[in-house]
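Participant:
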Amino acid sequence: MCGIAGYYGTEENFTPDLLAQMSRCQAHRGPDSSGDCLDGPVGLVHQRLAILGRSHGDQPMTTSDGRFTLIYNGEVYNYKQLQAELEALGYEFHTGTDTEVVLKGFAQWGSAVFDRLNGMWGLAIWDKEKAELTLSRDHFGIKPLYFAKIGAGFVFGSELKSILAVPQFKAEANERILYRYLRFRIHEDSRETFFKGIERLLPGEMAVISAAGIKISNYTNFVEELREAAKIQRPYDESAIAQYRELLFKSVKERLQAEVPVGTSLSGGLDSSAVAVIINRLLGTNAEETASVGQEQNLFSAVFPGSLNDEERYVDAVLERCDNGVKAHKILPNADQFKADLVDFIRTQEEPIISSGPYAQYCVMKEASKHVTVLLDGQGADEMMAGYIPYYFTYFNQLKAQGEYRKLALEVARSADVLARLVRFRVKNKLTAKPDVPVENLLNASFIANHSGEALQSTRNNLRERLLEDLFRNSLPSLLRYEDRNTMRFSLEGRVPFLDKDTVKFLFSLADDAIIKAGWNKRILRDATKDILPEMVSTRRNKIGFTTPENEWFKRIKNSINAIFESESFGKRPWFNQAEVLKAFHGYINEENGADTMLFWRLLNVEIWARLFLDEEADFTIFSEEAIDKSDMGASLPADPKEPLEANAGKELDLPVGEMIARRYPIQTEKFSKDSQMEDEITRYVLDFFKELEANGDTDDKQATEGHRWNLTISEKIIAIMQGRSWFTWEIKPGFAARKLSKYVSRTPAGIGLGDPVTMQLAINEAGLPRILFASAGGVLGKLAGKRGVFYNLAGANVRAIDGPTEYSVYPSNVSAKLPPKDPEKVAAHLKKVLLEVLPPAWANTFDGVVIMDANDIGRNALGAAGSHSLEHYEAQFADNPLGQGTQQTPMAVVFERPAQ
Numbered sequence: 086m087c088g089i090a091g092y093y094g095t096e097e098n099f100t101p102d103l104l105a106q107m108s109r110c111q112a113h114r115g116p117d118s119s120g121d122c123l124d125g126p127v128g129l130v131h132q133r134l135a136i137l138g139r140s141h142g143d144q145p146m147t148t149s150d151g152r153f154t155l156i157y158n159g160e161v162y163n164y165k166q167l168q169a170e171l172e173a174l175g176y177e178f179h180t181g182t183d184t185e186v187v188l189k190g191f192a193q194w195g196s197a198v199f200d201r202l203n204g205m206w207g208l209a210i211w212d213k214e215k216a217e218l219t220l221s222r223d224h225f226g227i228k229p230l231y232f233a234k235i236g237a238g239f240v241f242g243s244e245l246k247s248i249l250a251v252p253q254f255k256a257e258a259n260e261r262i263l264y265r266y267l268r269f270r271i272h273e274d275s276r277e278t279f280f281k282g283i284e285r286l287l288p289g290e291m292a293v294i295s296a297a298g299i300k301i302s303n304y305t306n307f308v309e310e311l312r313e314a315a316k317i318q319r320p321y322d323e324s325a326i327a328q329y330r331e332l333l334f335k336s337v338k339e340r341l342q343a344e345v346p347v348g349t350s351l352s353g354g355l356d357s358s359a360v361a362v363i364i365n366r367l368l369g370t371n372a373e374e375t376a377s378v379g380q381e382q383n384l385f386s387a388v389f390p391g392s393l394n395d396e397e398r399y400v401d402a403v404l405e406r407c408d409n410g411v412k413a414h415k416i417l418p419n420a421d422q423f424k425a426d427l428v429d430f431i432r433t434q435e436e437p438i439i440s441s442g443p444y445a446q447y448c449v450m451k452e453a454s455k456h457v458t459v460l461l462d463g464q465g466a467d468e469m470m471a472g473y474i475p476y477y478f479t480y481f482n483q484l485k486a487q488g489e490y491r492k493l494a495l496e497v498a499r500s501a502d503v504l505a506r507l508v509r510f511r512v513k514n515k516l517t518a519k520p521d522v523p524v525e526n527l528l529n530a531s532f533i534a535n536h537s538g539e540a541l542q543s544t545r546n547n548l549r550e551r552l553l554e555d556l557f558r559n560s561l562p563s564l565l566r567y568e569d570r571n572t573m574r575f576s577l578e579g580r581v582p583f584l585d586k587d588t589v590k591f592l593f594s595l596a597d598d599a600i601i602k603a604g605w606n607k608r609i610l611r612d613a614t615k616d617i618l619p620e621m622v623s624t625r626r627n628k629i630g631f632t633t634p635e636n637e638w639f640k641r642i643k644n645s646i647n648a649i650f651e652s653e654s655f656g657k658r659p660w661f662n663q664a665e666v667l668k669a670f671h672g673y674i675n676e677e678n679g680a681d682t683m684l685f686w687r688l689l690n691v692e693i694w695a696r697l698f699l700d701e702e703a704d705f706t707i708f709s710e711e712a713i714d715k716s717d718m719g720a721s722l723p724a725d726p727k728e729p730l731e732a733n734a735g736k737e738l739d740l741p742v743g744e745m746i747a748r749r750y751p752i753q754t755e756k757f758s759k760d761s762q763m764e765d766e767i768t769r770y771v772l773d774f775f776k777e778l779e780a781n782g783d784t785d786d787k788q789a790t791e792g793h794r795w796n797l798t799i800s801e802k803i804i805a806i807m808q809g810r811s812w813f814t815w816e817i818k819p820g821f822a823a824r825k826l827s828k829y830v831s832r833t834p835a836g837i838g839l840g841d842p843v844t845m846q847l848a849i850n851e852a853g854l855p856r857i858l859f860a861s862a863g864g865v866l867g868k869l870a871g872k873r874g875v876f877y878n879l880a881g882a883n884v885r886a887i888d889g890p891t892e893y894s895v896y897p898s899n900v901s902a903k904l905p906p907k908d909p910e911k912v913a914a915h916l917k918k919v920l921l922e923v924l925p926p927a928w929a930n931t932f933d934g935v936v937i938m939d940a941n942d943i944g945r946n947a948l949g950a951a952g953s954h955s956l957e958h959y960e961a962q963f964a965d966n967p968l969g970q971g972t973q974q975t976p977m978a979v980v981f982e983r984p985a986q
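The sequence shown begins at 86 in this note's numbering and counts up by one.
#1: From D765 to D395, what distance separates their C-alpha atoms?
#2: Expressed to the nearest angstrom, what Euclidean distance is found between the alpha-carbon atoms of L987 and V497?
#3: For Q382, name the three-state secondary structure that DSSP assigns.
#4: Can you tell me the Cα-Cα spacing of D212 and N163, whole angstroms?
#5: When the Cβ atoms of the stretch 527 to 546 are set against those of the stretch 415 to 426, are three or more pairs found closer than 8 Å?
#6: Rounding to the nearest angstrom, what Cα-Cα distance links S243 and R566 in this structure?
#7: Kindly indicate which three-state DSSP category H113 falls into: helix, strand or coil?
#8: Hey, L1027 and V186: beta-carbon distance below 9 Å or not?
#9: Would K640 be called buried (16 or more neighbouring beta carbons within 10 Å of its own) or exposed?
#10: When the Cα atoms are used, what is the spatial distance from T682 to P523?
#11: Since M977 is in the beta strand (DSSP E), which residue starts that stretch and which ends it?
#12: Closest Cβ-Cβ distance between G867 and chain C: below 9 Å?
#13: With 16 as the cutoff for other CB atoms within 10 Å, does P562 come out buried or exposed?
#14: Please state whether the Cβ-Cβ distance between L286 and G207 is less than 9 Å.
#15: Going by C-alpha distance, which of D521, A486, Y490 and L460 is nearest F575?
#16: Compute the Euclidean distance between the alpha carbons of F698 and A256, then round it to the nearest angstrom.
#17: Just curious, the beta strand (DSSP E) that N158 is in, first and last residue?
#18: Quick one: Cα of Q382 to Cα of A886, how far?
#19: If you run the structure through DSSP and keep just helix, strand and coil, what is D102?
#20: Would you call the CB atoms of L839 and V884 closer than 9 Å?
#21: Measuring straight from C-alpha to C-alpha, what distance separates E711 and V428?
#22: I need the straight-line Cα distance from L311 to M845, nearest angstrom please.
#23: Considering only the alpha carbon of each residue, which of V378, F481, L504 and G138 lies closest to K165?
#24: Which of helix, strand or coil does DSSP assign to P834?
#25: To the nearest angstrom, how far is it from the Cα of A90 to the Cα of V240?
#26: Going straight from the alpha carbon of G359 to that of S352, what length do you get?
#27: My assumption, with CB atoms under 8 Å, is that S392 sits in contact with P126. Please give the rounded CB distance.
#28: In this structure, what does DSSP give as the bridge partners for M205?
#29: May I ask you to list the residues that DSSP assigns as paired with H78?
#30: On the premise that V130 lies in contact with S149, defined as a C-beta separation below 8 Å, what is that separation, rounded to the nearest angstrom?
#31: With DSSP as the reference, please indicate the residues paired to Q750 in a beta bridge.
#32: Tell me the rounded alpha-carbon separation between D739 and W812.
#33: Are the stretch 927 to 937 and the stretch 794 to 803 touching, with three or more C-beta to C-beta distances below 8 Å?
#34: Taking H958 as part of the alpha helix (DSSP H), name the residues at either end of that continuous run.
#35: Taking just the CA atoms, how far does Y444 sit from V771?
#36: Between the Cα of G988 and those of G864, P475 and E550, spot the shortest distance and give me the residue it belongs to.
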């Protein structure tokens, strides 16, 4: 795969320097080589990711007579057959690449060659003799191609960034497209982009640019051919299944052609699982094409342990079915990594996207690029085989319109379990009585008025027409853009075997029973692969796909999202109603309305996109874009700068406690783990503190410390971590009971408690399911009686003290769930004894003891102490949480008390 860009015309700045800048903007698309061509009014530039003919296929490539020059981004899988045809016509080939075949095919057949190609591409061919520049995009629009008019000239590129780099082009929002996205959740359904003045070639289109201007046309009748094929309604039988299976295997095999390593994306869904297992079966046949796969098939999956949308069990079932050697790579995207990557992710996509779901794919591609250069996946199967629930309703409406009431009744009955999930979701929303949040409420009234004529239209009673709409307009184009950007961001080529011309045409020739029958969608794919797929995958009815646990993530990073919505730049946009957005978001966080995350994602995405591409200056500090690899979930993040004898930022050293003044010195430490030696680590930090105090303490420090009693207060978090009572969230596997019970727990403002399946599972592990169920029942009765805290009184103190991960906590607490420390009183007593043995006499004589404290900005709870005061007294010393609860990284404090003056 590659990146192409260029210009046509004699405008100012249409120079070699401009070509170089356009090329730099998409260098990630082709890191292996680059080249350019300048000829009269045309400039062409190419970035190459070498897949075939690696040592001979550099571009631009020109015919031997100098007439035609090609820059090409894509792969044509039937190039060997076309090469044979051209050789029979007298052409010679020297590079072993599909690029040379496309070039000489155009020389022989002109633009008619495009309809002969089976593959994916975005290309430009300069005809020196006619002084014409031809642009072309593949039948399905798998590969992108954009263009814009600049004065009397034109510029084009594989990515929008190359056009935005042109000095004469001023980036402005296309407010019509922006409105349709915010209002209807749709984009990529027309030639227009989110940038005013930049357009895309649509699937199956070509453009001819000359001195006379630009002429856009279809080079193919492929969509009409599919409509005609749909009229055939070939009976669905075993021979049809066998032929489809043969075509699908052939398509997968063709897409393994490469001189670089090839891997497979595996989400656990039916489509990607089918591709993965077909490749594994082909490995067993020693097919020539599988050489690119190697001895072990690399499979890449995003998993979300503990989340409702986790598909790991399906991934594991597929892995077990692969008999010919696999190497599984499981990627665990998380909220903190998402927050750190968010700006780059949105910059990568170039235009707003429908949800954060493609971020899971972004993470998969990032990891895959370390192991392979080509990746196959299951994109496109849903749109051609009715993979989404709305297709059922289109089919039902079709049967009704056709008067097939008996068949309609049977289909509705046999689809009951699929439809029930949708009904349950809607009924649940009604029963909760939470008010809906119409998107119109969150948009600027003038913005709405300016676009009041916009509407969303789709076919409702013709299944094949609806599939065609979604294949070429409403759904698949955006998914293909997501995949193109995510793969190319990491110099990876994505291939989609379901989007094969011959396979799709055959599928459309079959009766509707091949697509939906007896409540089963994708029927022919299920039947064609049922002998090679695990039954639990082959018979799946719950589609998930590449998604993220967006609801969990948004509540975790809610402070950052809220800061965006509160920002001055968000408020000044002419598209939003800031006050209503903030009101709705606060209601969502507090579970007071029925808003979903996709609504807030669109607002967030547009604001960050505008800062990136429209604003001259933009602030992204909230996303912490330091030059640090955030994929370690914060393990490498440095602590906040702090001098040893100073308070944390925003905190005070001194706090009145009755008739005394507590002087609290926070001790900054390294991060702790279960391998840390508790006694050694704590004594080291305490002794270092007193050395610092004696060497650098000023008069104020001496007055606050010398001769006064002191204690060491330690955060319970690090004690639990060192005791091995803290687990990464992905190490905890929530069961059915944990998932159900956690839904009925109200989350605290800090996001702490049992309102998460992970922490609820910890509670069940600690207290046992019977006790948790008993406590839950007691809690319900207690609420009815107006009593609070009944659940925790019955569940026990250890359950009360369970902590889940919080956005602001330092690693590993930001990605962990933990139980309280075991025997905190004994731990405090033991540490007091250890410290008394090593402290200098002056400090040992005034040492009061050790306190184990659970404190945050909401409250504090002394869990255990070995000292002369009550637990309540120690809690009062920490009334303002002087340790902080984030990147201060100060989990201990030396606390002195002196009489108030």
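Yeah, the Cβ is synthetic: ideal placement off N, Cα and C, and Gly gets one too.
Facilitator: Straight from the coordinates:
#1: Indexing the sequence shown from 1 puts residue 765 at position 680. Indexing the sequence shown from 1 puts residue 395 at position 310. Approximately 40 Å, taken between the alpha carbons.
#2: The structure shown does not extend to residue 987, since the chain is modelled only from 86 through 986, so no value can be given for it.
#3: Your numbering for residue 382 matches position 297 in the sequence shown. When DSSP states are grouped into helix, strand and coil, Q382 belongs to the strand group.
#4: Within the sequence shown, the letter at position 127 stands for residue 212. Within the sequence shown, the letter at position 78 stands for residue 163. Taking the straight line from one Cα to the other gives about 24 Å.
#5: Look at the beta carbons and you see the stretch 527 to 546 not touching the stretch 415 to 426: under three pairs across the two are nearer than 8 Å.
#6: Position 158 of the sequence shown, counted from the start, is the residue given in the question as residue 243. Position 481 of the sequence shown, counted from the start, is the residue given in the question as residue 566. S243 and R566 have their C-alpha atoms spaced approximately 11 Å apart.
#7: Here residue 113 refers to the residue found at position 28 when the sequence shown is read from its first residue. When DSSP states are grouped into helix, strand and coil, H113 belongs to the helix group.
#8: Because the chain is modelled from 86 through 986, residue 1027 falls outside the range shown and cannot be assessed.
#9: The sequence position of residue 640 within the sequence shown is 555, counting from 1. So K640 counts as buried.
#10: In the sequence shown, the residue the question calls residue 682 occupies position 597. In the sequence shown, the residue the question calls residue 523 occupies position 438. Within the model, the alpha-carbon separation for T682 versus P523 is close to 13 Å.
#11: For the purposes of this step, residue 977 is taken as residue 892 along the sequence shown, with counting starting at 1. M977 -> beta strand (DSSP E) spans M977 to P984.
#12: The structure shown has no chain C; it contains just one protein chain.
#13: As a first step, residue 562 is located in the sequence shown; it is residue number 477 there, counting from the start. Counting Cβ neighbours within 10 Å, P562 comes out buried, since at least 16 surround it.
#14: Here residue 286 is taken as the residue at index 201 of the sequence shown, counted from 1. Here residue 207 is taken as the residue at index 122 of the sequence shown, counted from 1. Yes.
#15: What you label residue 575 is simply residue 490 of the sequence shown in a count that begins at 1. Nearest option by C-alpha distance: L460.
#16: By one-based count along the sequence shown, residue 698 stands at place 613. By one-based count along the sequence shown, residue 256 stands at place 171. Roughly 7 Å separates the two Cα atoms.
#17: Counted from its first residue, the sequence shown places residue 158 at position 73. Secondary structure note for N158: its beta strand (DSSP E) is the uninterrupted segment F153 to V161.
#18: The count along the sequence shown starts at 1 and reaches residue 382 at position 297. The count along the sequence shown starts at 1 and reaches residue 886 at position 801. The alpha-carbon atoms of Q382 and A886 are separated by roughly 45 Å.
#19: Sequence index remark: in the sequence shown, residue 102 carries index 17 (1-based). Correct three-state label for D102: helix.
#20: Sequence index remark: in the sequence shown, residue 839 carries index 754 (1-based). Sequence index remark: in the sequence shown, residue 884 carries index 799 (1-based). Yes; because the gap between Cβ atoms is below 9 Å, this pair is in contact.
#21: Mapped onto the sequence shown, residue 711 falls at position 626. Mapped onto the sequence shown, residue 428 falls at position 343. Here E711 scores only 40 on pLDDT, less than 50, and its place in the model should not be relied on; the value that follows carries that caveat. About 12 Å.
#22: For the purposes of this step, residue 311 is identified with residue 226 of the sequence shown, where counting begins at 1. For the purposes of this step, residue 845 is identified with residue 760 of the sequence shown, where counting begins at 1. Rounded to whole angstroms, the separation of the alpha carbons of M845 and L311 is 52 Å.
#23: For the purposes of this step, residue 165 is taken as residue 80 along the sequence shown, with counting starting at 1. With distances taken between Cα atoms, K165 lies closest to G138.
#24: For the purposes of this step, residue 834 is identified with residue 749 of the sequence shown, where counting begins at 1. Unreliable placement is indicated for P834, whose pLDDT of 42 sits below 50; the coordinate value is still reported in the next sentence. Coil at P834, not helix or strand.
#25: Translated into the one-based positions of the sequence shown, residue 90 becomes position 5. Translated into the one-based positions of the sequence shown, residue 240 becomes position 155. Distance from the CA atom of A90 to the CA atom of V240, rounded to whole angstroms, is 8 Å.
#26: Residue numbering aside, residue 359 sits at position 274 when the sequence shown is read from its first letter. Residue numbering aside, residue 352 sits at position 267 when the sequence shown is read from its first letter. Reading the sequence as shown, one finds Ala at residue 359 and not Gly. Each residue's Cα considered, the two are about 11 Å apart.
#27: Taking the sequence shown and counting its residues from 1, the one referred to as residue 392 is at position 307. Taking the sequence shown and counting its residues from 1, the one referred to as residue 126 is at position 41. No, S392 and P126 are not in contact; Cβ-Cβ is about 55 Å, not under 8 Å.
#28: Here residue 205 refers to the residue found at position 120 when the sequence shown is read from its first residue. According to DSSP, M205 shares a beta bridge with E160.
#29: The first residue shown for the chain is 86 and the last is 986, placing residue 78 beyond what the model contains.
#30: Locating residue 149 in the sequence shown gives position 64, counting from the first residue. Locating residue 130 in the sequence shown gives position 45, counting from the first residue. About 22 Å separates the two Cβ atoms, so there is no contact after all.
#31: Translated into the one-based positions of the sequence shown, residue 750 becomes position 665. Reading off the sequence, residue 750 comes out as Tyr, not Gln. Its beta-bridge partners are V979.
#32: What you label residue 739 is simply residue 654 of the sequence shown in a count that begins at 1. What you label residue 812 is simply residue 727 of the sequence shown in a count that begins at 1. Roughly 35 Å separates the two Cα atoms.
#33: The stretch 927 to 937 vs the stretch 794 to 803: in contact.
#34: Counting from one through the sequence shown, the residue named residue 958 turns up at place 873. Looking at the DSSP string, the run of the alpha helix (DSSP H) that includes H958 is L956 to Q962.
#35: Indexing the sequence shown from 1 puts residue 771 at position 686. Indexing the sequence shown from 1 puts residue 444 at position 359. Roughly 44 Å separates the two Cα atoms.
#36: As shown, the chain starts at 86 and ends at 986. That puts residue 988 outside it, with no answer to give.
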